[in-house]
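A.B. asks: First the structure, then my questions, so here it is.
Numbering (this note's numbering), first residue to last: 85 to 420.
Quick look at the structure:
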């Protein structure tokens with residue numbers, strides 16, 4: 085009798101266990117972003133988004149538009165307010181974000197310059213690893229342009245010229261150690277050529293000098309160059325991207341099997357220690373905002389593209405950029 089009862093109980097437990105898994109999924113698998121958002125109390129108040137740029141700047145306008153779009157996908161009909169924190173080249177804003185409570189109510193924008201370049205100079209108390217990446221957002225991809233009447237009609241021709249005339253080809257950047265400078269140095273090193281960097285305050289200043297015949301080329305963002313390319317005044321020789329380019333005269337990193345450079349990526353960040361539920365809700369809202377038609381139209385007009393990566397991939401990309409930037413800054417003699 086005891087054996088029969090024991091056998092019955094064993095069979096009952098097996099059947100019960102099977103029934104509990106009859107749906108073929110666990111509770112974790114059922115927790116889609118939509119379900120997490122629907123069941124969450126977060127957010128219960130307004131979310132602050134720190135922008136390390138001045139009001140009315142391109143970065144500020146972009147984040148305001150994206151925040152407005154993201155609000156539509158947040159649970160509990162809460163809003164997102166922008167707080168512009170300027171100064172110190174972004175150090176003040178990034179430090180405030182790093183030190184904020186990791187509860188999801190303070191998030192911020194950060195660029196590859198803030199995360200992967202600035203910390204190498206020793207003035208910042210943070211690194212790329214001091215934040216929780218929510219997602220990688222947008223990027224402007226720098227390009228090397230020359231005048232339309234320049235003797236080089238391809239990057240290979242420029243490489244051949246530079247090898248015969250080391251240091252003679254002069255190009256504009258926004259300064260030593262800038263995104264434009266680091267990208268051209270990385271590719272130049274790969275081809276064993278030496279070019280001459282001429283720093284300018286901004287991309288438009290470099291373009292003016294180039295059009296005036298004062299320098300041979302310029303590494304700028306598309307927003308500074310496309311108008312002049314379309315007008316037939318400039319031609320691109322290199323686009324610092326792993327993707328194909330529409331320009332017949334331009335080569336890319338992909339064409340030479342080169343590693344990714346340091347595009348001007350922007351990221352959405354939170355303080356380290358952000359709980360998984362809050363991370364999932366913020367990620368989902370801003371991922372959907374990236375696809376908003378109004379946002380996409382604005383980005384297209386600025387020649388910006390969405391270069392999405394999720395939290396883990398975005399963190400890994402920041403680490404890659406940090407290592408590459410450190411190597412290049414040392415080669416330039418800007419850090420020890």
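Note that the Cβ used here is the ideal one computed from N, Cα and C, for glycine as well. Because the structure is a prediction, the values reported are computed rather than measured.
#1: From 286, 232, 326, 288, pick the residue whose C-alpha is nearest to that of residue 271; which is it?
#2: Whether or not the stretch 311-324 and the stretch 147-161 are in contact is what I'm after, with contact meaning three or more pairs of Cβ atoms, one per stretch, closer than 8 Å; do they touch?
#3: Between which two residues does the beta strand (DSSP E) harbouring residue 370 extend?
#4: If you reduce the DSSP assignment to three classes, tell me which class residue 212 lands in.
#5: Determine the burial state of residue 423: buried for a count of at least 16 other Cβ atoms within 10 Å of its Cβ, exposed for fewer.
#6: Judging by CA-CA distance, which residue of 393, 230, 411, 187 is the nearest neighbour of residue 129?
#7: Looking only at its chain, what residues have a beta carbon closer than 7 Å to the beta carbon of residue 386, apart from the 5 residues adjacent to it on each side?
#8: What span of residues does the beta strand (DSSP E) with residue 281 cover, start to end?
#9: From this set, 266, 347, 185, which residue's C-alpha is nearest residue 416's C-alpha?
#10: To the nearest angstrom, how far is it from the Cα of residue 283 to the Cα of residue 200?
#11: Check for me: the beta strand (DSSP E) holding residue 132 runs from which residue to which?
#12: Residue 158 to residue 195, Cα distance in whole Å?
#13: Quick one: complete alpha helix (DSSP H) runs, 4+ long, within the stretch 278-339?
#14: Under the three-state reduction of DSSP, which class applies to residue 235: helix, strand or coil?
#15: At the level of alpha carbons, what is the spacing between residue 207 and residue 180?
#16: Taking only the alpha-carbon atoms, compute the straight-line gap between residue 281 and residue 304 and give it to the nearest angstrom.
#17: Is it right to say residue 105 is buried, meaning 16 or more other beta carbons lie within 10 angstroms of its own, or is it exposed?
#18: Going straight from the alpha carbon of residue 256 to that of residue 123, what length do you get?
#19: Quick one, which of 193, 176, 212, 277 has its alpha-carbon nearest residue 247's?
#20: DSSP three-state call for residue 179: helix, strand or coil?
#21: With a threshold of 16 other CB atoms inside 10 Å of the CB of residue 343, please say whether the residue is buried or exposed.
#22: Using C-beta distances below 6 Å, list every residue in its chain close to residue 192, excluding the 5 sequence neighbours before and after it, in chain order.
#23: Could you check if residue 381 is buried or exposed, using at least 16 other CB atoms within 10 Å of its CB as the buried criterion?
#24: To which residues does DSSP link residue 166 through a beta bridge?
#25: Give me the residue from 140, 401, 333, 221 with the minimum Cα distance to residue 240.
#26: Excluding five sequence neighbours on each side, which residues of the same chain lie with their C-beta closer than 7 Å to the C-beta of residue 138?
#27: Using beta-carbon positions only, say whether residue 356 and residue 214 come within less than 8 Å of one another.
#28: Sorted by chain position, which residues of the same chain lie with C-beta nearer than 6 Å to residue 146's C-beta, five sequence neighbours on each side aside?
#29: If you measure between the beta carbons of residue 220 and residue 351, is that distance less than 8 Å?
C.D. replies: So, from the data block:
#1: When C-alpha distances from residue 271 are compared across 286, 232, 326, 288, the shortest belongs to 326.
#2: no
#3: Premise fails: residue 370 lies in the alpha helix (DSSP H), 360-374, not in any beta strand (DSSP E).
#4: helix
#5: No information on residue 423 is available, as it lies outside the stretch 85 to 420 that the chain covers here.
#6: 187
#7: If we look at residue 386 and ignore the five residues flanking it on each side, its Cβ neighbours are 142, 307.
#8: 280-283
#9: 266
#10: Straight-line spacing of the CA atoms in residue 283 and residue 200 works out to 21 Å.
#11: Residue 132 -> beta strand (DSSP E) spans 131-135.
#12: 24 Å
#13: 287-295, 306-314
#14: coil
#15: So the alpha carbons of these two residues sit roughly 15 Å apart.
#16: 13 Å
#17: The predicted model places residue 105 with a pLDDT of 43, which falls under 50 and marks its position as unreliable; any figure quoted below should be read in that light. Residue 105 is exposed by the Cβ-count criterion.
#18: 53 Å
#19: 277
#20: helix
#21: Exposed is the call here.
#22: 134, 181, 353
#23: exposed
#24: 133
#25: Just measuring C-alpha positions, the residue of 140, 401, 333, 221 sitting nearest residue 240 is 333.
#26: 144, 168, 170
#27: yes
#28: Once the five neighbours on either side are set aside, residue 146 has no close Cβ partner at all.
#29: yes
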